[in-house]
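**Q** Below is a structure I'd like to ask you about.
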Amino acid sequence: MSESVVLELRGLRKTFGEHEVLRGIDLTVHRHEVICVIGASGSGKSTLLKTVNLLEGIDDGEILLQGTDIADPRTDVDATRARIGVVFQQFNLFPHMRVLDNVTLASRRVHGIARAEAEATARRLLDRIGLGDFAGAYPDRLSGGQQQRVAVVRAIATSPELLLLDEVTSALDPQLVGEVLDLVRELKEQGATILMTTHEMSFARNVADRIVFLHQGEVVEQGAPADVLDRPQHPALVEFLSRVHA
Amino acid sequence: MSVVSTLVVIAVVWLGVVNTPGWAAVQQSFFDPQTAIDTFPAVLLGLWLNIRILFFSAIGVAVLGTLLAVVRGLRNPVFFPLRMLATAYTDLFRGLPLIIVLYLVGFGIPGLGIFPRQPPEVWGTIAIVLTYSSYVAEVLRAGMEAVHPSQRLAARSLGLSHAGTLRLVVLPQAIRKVTPALMNDFVSMQKDVGLVSILGAVDAVRSAQIAQAETYNFTPYLVAGLLFVVISLPLIRVTDAIARRQQRREQIGGTV
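Chains as they are written, first to last, in this note's numbering: chain A, 709 to 954; chain B, 95 to 350.
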């Protein structure tokens, strides 16, 4: 079991000034597992993902990526981030680069893969999401859903060990949400390991292997989707779900 | 309609100037065609020096200006002394008149006697680089600050280093954002290279001065001035075009 653990968080704490955002998070992510973190805004979901990618430092705890504590100050931060793919709410494509260059940037500049090889991989991925024709276009020519799909492809182009998706559909028009979620579902079928935050409860129910409910910086409940969503135990989760479903 | 109004304005100004009491004398000493033709080759030769100075200054300014902008943008407290130095530098050289920098560098530094003798145009180039780097650094810094922080975040999350993020993501976007301002500084520098003449470098202005001393006629200055305008015109037009294009792109959805 333990060798299938990709990510393990132990006693993660993070404070912003007086406010303790993460209050001792313990969480394990296994290979090929899709975990949806749910919770109200301000519950610490986004901060949690940022700390895993070392975009936020932590005050206490351990972040074990394949068994190595990456929260250790001696960690090579850049090399660690290169092993993790991230997709943000706001896509954050580089507007001055063509779609193809967005996708190949990390391969070429971080992983040292030759341009021809990186571009072949990128084109294959873009073709698969039906955006092969946009390889030479700049991101502002694409719809929000298309941009977000390119952002996902950019994150997986270097075959990361772990994929972090932070509210990837929250900035999209409702009719564009589906195309991005379909892509995430497809990644799961191909065996990706995904830790994501989302507000899409039906997606979480259908796709997640496990749902984690975060409340005031703590994991108060986690388990199979049916258990968490249909038989909530903690009053905060009951209340959260009643508001989400309403 | 615009053609007619333009012609009318030109005619009025022309008649006004031509009918001033001293026009004949001014025409003789500033607009003498024969003097213009005679001194044109020497002035043009001098302009070639200005163009070379401009070429090397532009490279120097690009390098030093970018360096200063990057240093001023460093956030790690460890770099505080460096950042402070860069800030002091830009404050100092944006305030100092170029002509004083020229004197200090052109006459002061050779006076130290520690550098091998250099022609005055070399010192002039250095003075221009020192001054204009401070302006360009400020423009670039503004551009870098205008790049949304989420762009850095995205770049770092891919595993790019701080330097790689700057070079591949932040600076290219920053430069695009401030292109009109940078071009404007370049046009301004293009004419300020004429000031190296005060150090004795025989550029277009100095050549005109020499010709003026020989002919007792100011027309050579006019020739030099016109030549400066001619070399700056293409860039001014390009700057306008770029600014217009950017405006169009940013104002999609209509202007008020």
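Backbone N, C-alpha and C define an ideal beta-carbon position, used for all residues, glycine too.
If you follow the beta strand (DSSP E) that A/Phe724 is in, where does it begin and where does it stop?
**A** On the first sequence, residue 724 of chain A is found 16 positions in, with the first residue counted as 1. Looking at the DSSP string, the run of the beta strand (DSSP E) that includes A/Phe724 is 713-724.
**Q** With a CB to CB cut of under 7 Å and the five nearest residues on each side skipped, what residues in its chain are close to A/Thr755?
**A** The residue you call residue 755 of chain A lines up with position 47 of the first sequence. Correct list, in chain order: Lys722, Val729, Leu730, Glu764.
**Q** Which residues of chain A have a Cβ atom closer than 9 Å to the Cβ of B/Ala275, listed in chain order?
**A** In the second sequence, counting from the first residue as 1, residue 275 of chain B sits at position 181. Within chain A, no residue comes near B/Ala275; the closest Cβ sits about 18 Å away, beyond 9 Å.
**Q** Cutting at 7 Å between CB atoms, please list the residues of its own chain near A/Arg789, excluding the five before and the five after it.
**A** Position 81 of the first sequence, counted from the start, is the residue given in the question as residue 789 of chain A. Closer than 7 Å at Cβ, skipping near neighbours: Asn761, Leu762.
**Q** Closer than 8 Å between beta carbons: that is the criterion. Which residues of the segment 238-266 of chain B meet it against chain A?
**A** Correct list: Ser244, Gln245, Leu247, Ala248, Ala249, Arg250, Ser251, Leu252, Gly253, Leu254, Ser255, Gly258, Leu262, Val263, Pro266.
**Q** Give the range of the alpha helix (DSSP H) segment to which A/Leu945 is assigned.
**A** What you label residue 945 of chain A is simply residue 237 of the first sequence in a count that begins at 1. Element bounds for A/Leu945: 943-953.
**Q** Ordered along the chain, which non-local residues of its own chain (more than five positions away) have a Cβ less than 7 Å from that of B/Val230?
**A** Counting from 1 along the second sequence, the entry for residue 230 of chain B is found at position 136. These residues qualify, in order along the chain: Val155, Gly159, Leu276, Asp279.
**Q** Could you tell me the alpha carbon to alpha carbon distance between B/Val98 and B/Ile104, rounded to whole angstroms?
**A** Within the second sequence, numbered from 1, the residue matching residue 98 of chain B stands at position 4. Within the second sequence, numbered from 1, the residue matching residue 104 of chain B stands at position 10. Their Cα atoms are separated by approximately 10 Å.
**Q** Using DSSP with H/G/I as helix, E/B as strand and the rest coil, what is A/Leu921?
**A** Translated into positions along the first sequence, residue 921 of chain A becomes position 213. The identity of residue 921 of chain A in the sequence shown is Phe, whereas the question assumes Leu. Note: A/Phe921 maps to strand in three-state DSSP.
**Q** If I follow the unbroken beta strand (DSSP E) through A/His738, where does it start and stop?
**A** Mapped onto the first sequence, residue 738 of chain A falls at position 30. Run containing A/His738: 727-738, per the beta strand (DSSP E) assignment.
**Q** Buried or exposed for B/Glu232, going by 16 or more other Cβ atoms inside 10 Å?
**A** To locate residue 232 of chain B, count along the second sequence from 1; it is residue 138. Burial call: buried.
**Q** My assumption, with CB atoms under 8 Å, is that A/Ala865 sits in contact with A/Val811. Please give the rounded CB distance.
**A** For the purposes of this step, residue 865 of chain A is taken as residue 157 along the first sequence, with counting starting at 1. For the purposes of this step, residue 811 of chain A is taken as residue 103 along the first sequence, with counting starting at 1. The Cβ separation is near 5 Å, so the contact holds.
**Q** Check the Cβ-Cβ distances between B/Arg169 and every residue of chain A, and say whether any is below 9 Å.
**A** Residue numbering aside, residue 169 of chain B sits at position 75 when the second sequence is read from its first letter. Taking Cβ atoms only, chain A never reaches closer than 9 Å to B/Arg169, which makes this a no.
**Q** Which word fits A/His923, buried or exposed, when buried means at least 16 other C-beta atoms lie within 10 angstroms of its C-beta?
**A** Locating residue 923 of chain A in the first sequence gives position 215, counting from the first residue. Its Cβ being crowded by 16 or more others within 10 Å, A/His923 is buried.
**Q** Can you list the residues of chain B that A/Leu964 reaches, using a CB-CB cut of under 8 Å?
**A** Any property of residue 964 of chain A remains undetermined from this structure, which presents chain A solely from 709 to 954.
**Q** Since A/His804 meets chain B, which of its residues come closer than 7 Å, beta carbon to beta carbon?
**A** For the purposes of this step, residue 804 of chain A is taken as residue 96 along the first sequence, with counting starting at 1. Simply Pro266, Gln267, Arg270.
**Q** Short of 8 Å in beta carbon distance, which residues of its chain neighbour A/Val915, apart from the five on each side in sequence? Order them along the chain.
**A** Taking the first sequence and counting its residues from 1, one reaches residue 915 of chain A at position 207. Same-chain partners within the cutoff: Val742, Cys744, Leu889, Val892, Arg893, Lys896.
**Q** Could you give the residue range of the beta strand (DSSP E) that holds A/Val931?
**A** Stepping through the first sequence from its first residue, residue 931 of chain A is reached at position 223. Checking the sequence, you will find Gly at residue 931 of chain A rather than Val. 926-931 is the span of the beta strand (DSSP E), which, as asked, contains A/Gly931.
**Q** At least one CB of chain B closer than 9 Å to the CB of A/Phe724: is that the case?
**A** Walking along the first sequence from the start, residue 724 of chain A turns up at place 16. So, not an interface residue.
**Q** Quick check on B/Asn311: buried or exposed, where buried means 16 or more other Cβ atoms within 10 Å of its Cβ?
**A** Within the second sequence, residue 311 of chain B is the residue found at index 217, counting from 1. Buried, because 16 or more other Cβ atoms sit within 10 Å of the Cβ of B/Asn311.
**Q** Would you verify that the beta carbon of A/Ala700 is, or is not, closer than 9 Å to some beta carbon of chain B?
**A** The requested residue 700 of chain A does not occur in the structure, where chain A is confined to residues 709 to 954.
**Q** According to the Cβ coordinates, are B/Ile304 and B/Gly200 closer than 9 Å?
**A** For the purposes of this step, residue 304 of chain B is taken as residue 210 along the second sequence, with counting starting at 1. For the purposes of this step, residue 200 of chain B is taken as residue 106 along the second sequence, with counting starting at 1. No. Outside cutoff.
**Q** Does A/Val860 come within less than 9 Å of chain B when only Cβ atoms are used?
**A** As a first step, residue 860 of chain A must be located in the first sequence, where it is residue number 152. It does not; no Cβ of chain B falls within 9 Å.
**Q** I believe B/Leu161 touches B/Leu289 by the beta-carbon criterion, under 8 Å. Please report the beta-carbon distance rounded to the nearest angstrom.
**A** The count along the second sequence starts at 1 and reaches residue 161 of chain B at position 67. The count along the second sequence starts at 1 and reaches residue 289 of chain B at position 195. So it is not a contact: roughly 24 Å between Cβ atoms.
**Q** Who are the near neighbours of B/Val111 in its chain, counting only those whose CB is closer than 8 Å to its CB and skipping five residues on each side?
**A** Translated into positions along the second sequence, residue 111 of chain B becomes position 17. Excluding sequence neighbours, B/Val111 sits near Trp117.
**Q** Classify B/Asn170: buried if its beta carbon has 16 or more other beta carbons within 10 angstroms, exposed otherwise.
**A** Here residue 170 of chain B corresponds to residue number 76 of the second sequence, with the count starting at 1. Exposed, because fewer than 16 other Cβ atoms sit within 10 Å of the Cβ of B/Asn170.
**Q** In the structure shown, what three-state DSSP assignment does A/Leu871 receive?
**A** For this step, residue 871 of chain A is matched to residue 163 along the first sequence. In this structure, A/Leu871 counts as strand in the three-state DSSP scheme.
**Q** Rounded to whole angstroms, what is the Cα-Cα separation between A/Leu720 and B/Leu168?
**A** Within the first sequence, residue 720 of chain A is the residue found at index 12, counting from 1. Within the second sequence, residue 168 of chain B is the residue found at index 74, counting from 1. If I take the Cα positions, the gap works out to 29 Å.
**Q** Classify B/Asp334 as helix, strand or coil using the three-state DSSP reduction.
**A** Position 240 of the second sequence holds residue 334 of chain B. Three-state result, B/Asp334: helix.
**Q** Is the Cβ of A/Thr783 closer than 9 Å to any Cβ of chain B?
**A** The count along the first sequence starts at 1 and reaches residue 783 of chain A at position 75. Cβ-Cβ to chain B under 9 Å: no for A/Thr783.
**Q** Using a cut-off of 8 Å between C-beta atoms, extract the partners of A/Ala787 located in chain B.
**A** The residue given as residue 787 of chain A occupies position 79 in the first sequence. By Cβ distance, chain B contributes Gly253.
**Q** Are A/Ile771 and A/Glu869 close, meaning C-beta to C-beta below 9 Å?
**A** Looking up residue 771 of chain A in the first sequence gives position 63. Looking up residue 869 of chain A in the first sequence gives position 161. Contact flag unset, no.
**Q** With DSSP as the reference, please indicate the residues paired to A/Val745 in a beta bridge.
**A** Position 37 of the first sequence, counting from 1, holds the residue named residue 745 of chain A. Its beta-bridge partners are A/Thr905, A/Val920.
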